[in-house]
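Enquirer: So that you can map any letter, position 118 of the sequence shown is 625 in the working numbering, and since no number is skipped, the others follow by simple counting.
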Amino acid sequence: MIGIDNYLAVGSVKSAWVSLYILSIVWGLLYMIRPLFDTSSDISDMETGDKRSGGFLSRIGKAYDVIKDNMFMHMFALSLNAFGAASTKALAILSWIFFALTIVYAVAVMFIEQKMVRAVFGLIFFVLTLIMTSLAFKNGW
508 MIGIDNYLAV GSVKSAWVSL YILSIVWGLL YMIRPLFDTS SDISDMETGD
558 KRSGGFLSRI GKAYDVIKDN MFMHMFALSL NAFGAASTKA LAILSWIFFA
608 LTIVYAVAVM FIEQKMVRAV FGLIFFVLTL IMTSLAFKNG W
């Protein structure tokens, strides 16, 4: 078993966690701007007195949910690999692919209102998470 200092010195370990960190920053930004465009509440726009409506910006809440859900799946996969000291270059590459596809999915959810898109992306993320967690058992545990 390798020591924690040697494990943390590996560049691929840092790279995988950086992808999660950046995803959490995007999540935080969406968390802050989501109330500005949320149409599900009865809050009126003070300037016009009308209830806000429509547009792709009204679906920022869905993008927020996508980022949140995928961030927690990503954190689970990285944590399992960290506890097993199994992070490899493959995990770092898969983490960045997961990150990029999450951003693409969040943008797609804002513009495309279709269940098939969500189902396809859901399958992709399930498979990626399964592969990343399988690496923990293959290389560590």
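Using N, Cα and C, we set each Cβ at its ideal position, and we do this for glycine too. These numbers come from a predicted model, not from an experiment.
(1) Considering just the uninterrupted stretch of the alpha helix (DSSP H) at Thr636, what are its terminal residues?
(2) What separation, rounded to the nearest whole angstrom, lies between the Cα atoms of Val573 and Ala589?
(3) Ser522 and Ala599: beta carbons closer than 7 Å?
(4) Classify Trp648 as buried or exposed, calling it buried when 16 or more other Cβ atoms lie within 10 Å of its own Cβ.
(5) If the criterion is Cβ atoms closer than 7 Å, does the pair Gly562 and Asp545 meet it?
(6) According to DSSP, is Ala593 part of a helix, a strand, or is it coil?
(7) Taking the alpha helix (DSSP H) that Ser526 belongs to, which residues open and close that run?
Expert: Answer, in terms of the structure:
(1) That run of the alpha helix (DSSP H) goes Lys622 to Asn646.
(2) Between Val573 and Ala589, the C-alpha separation is close to 24 Å.
(3) Yes; because the gap between Cβ atoms is below 7 Å, this pair is in contact.
(4) Counting Cβ neighbours within 10 Å, Trp648 comes out exposed, since fewer than 16 surround it.
(5) Against a cut-off of 7 Å, the Cβ pair of Asp545 and Gly562 comes out as no contact.
(6) DSSP places Ala593 in coil when its eight states are reduced to three.
(7) Gly518 to Phe544 is the extent of the alpha helix (DSSP H) around Ser526.
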